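Q: Please read through the structure below; I'll follow up with questions.
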Amino acid sequence: MTPAVYLAQDPTLSDFGHDPWWIALIKIVFAFVFAVLATLLGVWFERRVVGFMQVRPGPNQVGPLGLLQTLADGLKMAFKEDILPKAADKVVYFFAPTISVICAVTALSVIPFGPMVSIFGHQTPLQVTDVSVAVLVILAASSMGIYGIVLGGWASGSTYPLLGGLRSSAQMISYEVAMGLSIVAVFMTAGTMSTSGIVAAQAGSDRSASLGGFEFFAPGWYAILLLPSFVIYFISAVGETNRAPFDLPEAESELVAGFMTEYSSLKFALFMLAEYVNMVTVSAVATTLFLGGWRAPWPISIWSGANEGWFGLIWFFAKVILLVFVFVWLRGTLPRLRYDQFMRLGWRVLLPINLVWILALAGIRVLQKENNDAVRWGIIGGALVVVLLITLLLPDRKKGPQVSLQEQVNQRPQGSFPLPPMDLVVPPSPRARRQVAERQPANVGGGAPDVIESTTSEEKEG
Amino acid sequence: MTNIALAATVTTGEAVTFWILAPLALLGAIGMVAARNAVHSALWLVLTMLCLGVFYVVQAGPFIGMVQIIVYTGAIMMLFLFVLMLVGRDASDSLIETLRGQRVAAVLVGLGFAGLVGTLVARAVSDTTAVGLEAANRDGNVQGIAALLFTNYVFAFEATSALLITAAVGAMVLAHIHKPKSERLGQPDLMRLRFRAGNHPGSKAGPGVYATSDSVATPARLPDGTLSRGSIPEILPTRELSPRETAPKGTEK
Chain X
1 MTPAVYLAQD PTLSDFGHDP WWIALIKIVF AFVFAVLATL LGVWFERRVV GFMQVRPGPN
61 QVGPLGLLQT LADGLKMAFK EDILPKAADK VVYFFAPTIS VICAVTALSV IPFGPMVSIF
121 GHQTPLQVTD VSVAVLVILA ASSMGIYGIV LGGWASGSTY PLLGGLRSSA QMISYEVAMG
181 LSIVAVFMTA GTMSTSGIVA AQAGSDRSAS LGGFEFFAPG WYAILLLPSF VIYFISAVGE
241 TNRAPFDLPE AESELVAGFM TEYSSLKFAL FMLAEYVNMV TVSAVATTLF LGGWRAPWPI
301 SIWSGANEGW FGLIWFFAKV ILLVFVFVWL RGTLPRLRYD QFMRLGWRVL LPINLVWILA
361 LAGIRVLQKE NNDAVRWGII GGALVVVLLI TLLLPDRKKG PQVSLQEQVN QRPQGSFPLP
421 PMDLVVPPSP RARRQVAERQ PANVGGGAPD VIESTTSEEK EG
Chain G
1 MTNIALAATV TTGEAVTFWI LAPLALLGAI GMVAARNAVH SALWLVLTML CLGVFYVVQA
61 GPFIGMVQII VYTGAIMMLF LFVLMLVGRD ASDSLIETLR GQRVAAVLVG LGFAGLVGTL
121 VARAVSDTTA VGLEAANRDG NVQGIAALLF TNYVFAFEAT SALLITAAVG AMVLAHIHKP
181 KSERLGQPDL MRLRFRAGNH PGSKAGPGVY ATSDSVATPA RLPDGTLSRG SIPEILPTRE
241 LSPRETAPKG TEK
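Structure, rendered in structure tokens:
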């Protein structure tokens, strides 16, 4: 191997698949350890942050700053009795938590943690592997991971878990659609489905379009460029990971603990692990797809060394932690949605907005590629006409004819319940009068009110 | 990409994957038919579909493989599970044969059909080699599929999507029960129903909470001392505690 070989810091698809087996093993172990550590620290982080938001300390006894609290809880959980309900479907009950965990960890395998680095003299991308359909691998892993929840709910053989499982399956189908569509915008802009390719596509700040002599510069991050997609992705990611305010499958005030009511000991710990790994995974995916991946954010990226080697890990983890913080923030702030509101949000709000946005984006992309100015203005004019037509032809909210109160009363059928008189007026409050009375100077004994006032002001000054 | 280019010939990895997953896929298919429990059946089918998805990926079709897993395994089988779970977990098949000899006949015909299709496919493709796989995947698998879908097959594609949307809308229209506004009960009618003779308009009295018992099976007492029938759930028998049960149990010291 020649030492002076120039290696691009951006890995491409051809950089994958050449690692010796021991480097592949190191990377896999790293991803797995990352998942487990993320859970250990994630639970601690969530409890501390929620504690801060609720003006209480949170776990602070075990280890420095309470860092080892999760470890202690995990050990305790492992030594608890593993209960198998009598009505449970034993095999499925056993496999459900493992399905959840395996799928959650699998998705991490295509996340780019950093650029090309040197591991024991080998140049290799800081990513377990990448394929041409890597984002679809993530989607597949997340859709398979729901099986764990659904089957866990079903196999427990009791009512609340079953309801949790049912909710989870419906929730997953609805929000996977919104999630998939929001990623479509990323595919259209990046022109690739490989995660390393998408990170590389967000690097360029030379993205520009000219229209009628004007030059438009667009930033590289898709979170800014494709803001609607980013927002929809994040909302559906919260739905997909069963986090508050969308934690209907495990709603503790309605379903005890939903799908994991009957689980205990290590199996319960596996579900917990899967939940937190999922949260970290969707944060990592959001970082990769929308926040520039392992690349340094703008002020730091002026320093040319920021994007080289192992530094990428720092920016990547910083972004992931920021997104996890938003997850925790949401949990600390928002109450749980009702189920029908939740479904309406998914199908009637996120889905149509997504479709219209993709259509608009496709139009913009065609505009960018078109060189003929006349065609460009034609497309813009056409879009304007469509918008105008929609606003003109959209039916108004039906306003019923104004019926006066007396007419409404007269329309009531025979034998209706008696109404109070309609011309009642709220009488003036007696308390208001008393306050007025109290403000009048009290004429008690000899002292005049202004004398008293002067003494008090002197006391204040003194 | 290198994997895709090499896929025209059978590599060791592909062969190993096939010989591991093919028996699993077959096992899933057999298990799906043989399982008594409907949910188990669905799970066996999930196994088969997963194996098929991996086969597609191995055979230079990563996009179709992933779509197989996301759409069929992830969404459609999930819908199946949803329905099965709604139906209930004890919805097992009954083993009573309604037609005499039907099972034997079904097995024989099934085996015959499988043999026929198997021989046919084996005869047809045993000597052919895959041609043009590299050319099709030259610009990437996804791009190749997209180019075909939106040029040569655009009408077939759009017609299929229109058909599917029509089917979905039709299913929704058929399943949706729309009650016209005129049929809805207004407030006066609801009140009349509520206060009709024989209906108790308020909430029912709760079960009695006494010093001797706070069981939901202990009925409340009406002002005249009689037991209130409506105060306990209908499935519970009304009962008075026996003197033995109300007597001190010796635990108060």
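Going line by line, the protein sequences match chains X and G. The opening residue of the first sequence carries number 1 in the UniProt record's numbering; numbering runs sequentially from there. The opening residue of the second sequence carries number 1 in the UniProt record's numbering; numbering runs sequentially from there. In this text, a Cβ means the ideal position worked out from N, Cα and C, and glycines have one as well. Because the structure is a prediction, the values reported are computed rather than measured.
1. When burial is assigned at 16 or more other CB atoms within 10 Å of the CB, is X/Arg48 buried or exposed?
2. Which one of X/Glu81, X/Gln54, X/Gly51 and X/Trp44 has the shortest CA to CA distance from residue 485 of chain X?
3. Any beta carbon from chain G within less than 8 Å of X/Leu181's own beta carbon?
4. Can you pull the chain X neighbours of G/Leu81, defined as C-beta to C-beta under 7 Å?
5. G/Leu185 touches chain X at which residues, Cβ-Cβ below 7 Å?
6. For a contact meaning CB atoms closer than 7 Å, what does X/Arg133 contact in chain G?
7. According to DSSP, which residues form a beta bridge with X/Pro335?
8. If you measure between the beta carbons of X/Gly258 and X/Gly164, is that distance less than 8 Å?
9. Between which residues of its own chain and G/Leu149 is the CB-CB distance below 7 Å, once the five residues before and five after are set aside?
10. Determine contact between the region 30 to 40 of chain X and the region 266 to 281 of chain X, defined as no fewer than three beta-carbon pairs at a distance below 8 Å.
11. Can you tell me the Cα-Cα spacing of X/Asp206 and X/Gly293, whole angstroms?
12. Between G/Pro188 and chain X, is there a C-beta pair that is closer than 8 Å?
13. Over the uninterrupted beta strand (DSSP E) stretch that includes X/Gln123, give me the two end residues.
14. My assumption, with CB atoms under 8 Å, is that X/Ser100 sits in contact with X/Gly145. Please give the rounded CB distance.
15. What number of angstroms, rounded off, separates the C-alpha of G/Leu111 from the C-alpha of X/Ile138?
16. Give me the subset of the region 113 to 144 of chain X whose CB atoms are less than 8 Å from a CB atom of chain G, sorted by chain position.
17. Can you check whether the C-beta of G/Thr17 is within less than 8 Å of a C-beta belonging to chain X?
18. For the structure I just gave you, are there three or more beta carbon pairs, one from the region 304 to 324 of chain X and one from the region 336 to 344 of chain X, closer than 8 Å?
19. Using three-state DSSP, classify X/Ile119 as helix, strand or coil.
20. By the 10 Å Cβ neighbour count, where 16 or more other Cβ atoms means buried, how is G/Thr12 classified, buried or exposed?
21. Can you tell me where the alpha helix (DSSP H) holding X/Phe259 begins and where it ends?
22. Run through DSSP, which three-state label would G/Asn141 get?
23. What is the residue span of the alpha helix (DSSP H) that X/Ser169 lies within?
24. At a CB-CB cut-off below 9 Å, which residues of chain X make contact with G/Thr73?
25. Pull up the distance between the alpha-carbon of G/Pro62 and that of X/Thr129, whole angstroms please.
26. Give me, in chain order, the residues of the same chain whose beta-carbon lies closer than 8 Å to that of G/Tyr56; leave out the 5 immediate sequence neighbours on both sides.
27. Quick one: is X/Trp21 near chain G, going by C-beta distance under 8 Å?
28. Taking the CB atoms as reference points, tell me whether X/Ala170 and G/Phe82 lie closer together than 8 Å.
29. Determine the chain G residues that contact X/Gly165 at a beta-carbon separation under 7 Å, and present them in chain order.
30. Please list the partners that G/Ile70 has in chain X, where partner means a Cβ-to-Cβ separation under 7 Å.
31. How would you label X/Pro427, buried or exposed, when you count the other beta carbons within 10 angstroms and need 16 or more for buried?
32. Quick one: list the residues of chain G neighbouring X/Met172, beta-carbon separation under 9 Å, in chain order.
33. Between which two residues does the alpha helix (DSSP H) containing G/Val117 stretch?
34. In this structure, how does DSSP classify G/Arg221 when only helix, strand and coil are distinguished?
35. Using C-beta distances below 8 Å, list every residue in its chain close to X/Phe187, excluding the 5 sequence neighbours before and after it, in chain order.
36. Taking C-beta pairs closer than 8 Å, name the residues in chain X that G/Met191 reaches, listed in chain order.
A: Taking the coordinates as given:
1. For the purposes of this step, residue 48 of chain X is identified with residue 48 of the first sequence, where counting begins at 1. With 16 or more Cβ atoms within 10 Å of its Cβ, X/Arg48 is classed as buried.
2. This structure does not reach residue 485 of chain X, given that chain X is present from 1 up to 462, and the question cannot be answered.
3. The count along the first sequence starts at 1 and reaches residue 181 of chain X at position 181. Not one chain G Cβ lies under 8 Å of X/Leu181.
4. One-based indexing of the second sequence puts residue 81 of chain G at position 81. In chain order: Val150 and Ser169.
5. For the purposes of this step, residue 185 of chain G is taken as residue 185 along the second sequence, with counting starting at 1. What G/Leu185 touches in chain X: nothing, since even the nearest Cβ is about 12 Å away.
6. Position 133 of the first sequence holds residue 133 of chain X. With the sequence shown as reference, residue 133 of chain X is identified as Val, and Arg is not the correct amino acid for it. Within chain G, the residues near X/Val133 are Pro62, Phe63, Met66 and Val142.
7. Numbered from 1 along the first sequence, position 335 holds the residue referred to as residue 335 of chain X. Bridge partners of X/Pro335: none, in fact.
8. Numbered from its first residue, the first sequence carries residue 258 of chain X at position 258. Numbered from its first residue, the first sequence carries residue 164 of chain X at position 164. Yes; because the gap between Cβ atoms is below 8 Å, this pair is in contact.
9. Sequence index remark: in the second sequence, residue 149 of chain G carries index 149 (1-based). Excluding sequence neighbours, G/Leu149 sits near Phe157.
10. yes
11. Here residue 206 of chain X is taken as the residue at index 206 of the first sequence, counted from 1. Here residue 293 of chain X is taken as the residue at index 293 of the first sequence, counted from 1. Only weak support is given to the placement of X/Asp206: the predicted model assigns it a pLDDT of 49, under 50, and the question is left unresolved by the model.
12. The residue you call residue 188 of chain G lines up with position 188 of the second sequence. Yes, contact with chain X.
13. Counted from its first residue, the first sequence places residue 123 of chain X at position 123. From DSSP, the beta strand (DSSP E) with X/Gln123 extends over His122 to Leu126.
14. Here residue 100 of chain X refers to the residue found at position 100 of the first sequence. Here residue 145 of chain X refers to the residue found at position 145 of the first sequence. With a Cβ gap of about 6 Å, X/Ser100 and X/Gly145 count as contacting.
15. Along the second sequence, one-based indexing puts residue 111 of chain G at 111. Along the first sequence, one-based indexing puts residue 138 of chain X at 138. Rounded to the nearest angstrom, the two C-alpha atoms are 39 Å apart.
16. Val131, Ser132, Val133, Leu136, Val137, Leu139, Ala140, Ser143 and Met144
17. Along the second sequence, read from residue 1 onward, the residue named residue 17 of chain G stands at position 17. By this cut-off, G/Thr17 is not an interface position.
18. no
19. On the first sequence, position 119 is the one that residue 119 of chain X refers to. If DSSP states are grouped into helix, strand and coil, X/Ile119 belongs with the strands.
20. Translated into positions along the second sequence, residue 12 of chain G becomes position 12. Classification for G/Thr12: exposed.
21. For the purposes of this step, residue 259 of chain X is taken as the residue at position 259 of the first sequence. Unbroken run through X/Phe259: none, as it is neither H nor E.
22. Along the second sequence, one-based indexing puts residue 141 of chain G at 141. G/Asn141: helix per DSSP, three-state reduction.
23. Residue 169 of chain X sits at position 169 when you count from the first residue of the first sequence. Start and end: Thr159 to Ala190.
24. For the purposes of this step, residue 73 of chain G is taken as the residue at position 73 of the second sequence. Residues of chain X passing the Cβ test: Ala140, Ser143, Met144 and Tyr147.
25. Residue 62 of chain G sits at position 62 when you count from the first residue of the second sequence. Residue 129 of chain X sits at position 129 when you count from the first residue of the first sequence. Roughly 14 Å between the two C-alpha positions.
26. In the second sequence, the residue the question calls residue 56 of chain G occupies position 56. Excluding residues within five positions, the ones whose Cβ falls inside 8 Å are Pro62, Ile64, Gly65 and Gln68.
27. In the first sequence, counting from the first residue as 1, residue 21 of chain X sits at position 21. So, not an interface residue.
28. Stepping through the first sequence from its first residue, residue 170 of chain X is reached at position 170. Stepping through the second sequence from its first residue, residue 82 of chain G is reached at position 82. In contact: X/Ala170 and G/Phe82 (Cβ atoms closer than 8 Å).
29. For this step, residue 165 of chain X is matched to residue 165 along the first sequence. Under the 7 Å cutoff, chain G gives Met85.
30. Stepping through the second sequence from its first residue, residue 70 of chain G is reached at position 70. Within chain X, the residues near G/Ile70 are Leu136, Leu139, Ala140 and Ser143.
31. Within the first sequence, the letter at position 427 stands for residue 427 of chain X. With fewer than 16 other Cβ atoms within 10 Å, it is exposed.
32. Along the first sequence, read from residue 1 onward, the residue named residue 172 of chain X stands at position 172. Neighbours of X/Met172 on chain G, chain order: Gly74, Ala75 and Met78.
33. Mapped onto the second sequence, residue 117 of chain G falls at position 117. Residues Gln102 to Val125.
34. Against the second sequence, residue 221 of chain G aligns to sequence position 221. G/Arg221 falls in the strand class under three-state DSSP.
35. Stepping through the first sequence from its first residue, residue 187 of chain X is reached at position 187. Only Val135 and Met193 meet the Cβ criterion.
36. Position 191 of the second sequence, counting from 1, holds the residue named residue 191 of chain G. Ordered by position in chain X, the residues that pass the 8 Å Cβ test against G/Met191 are Phe417.
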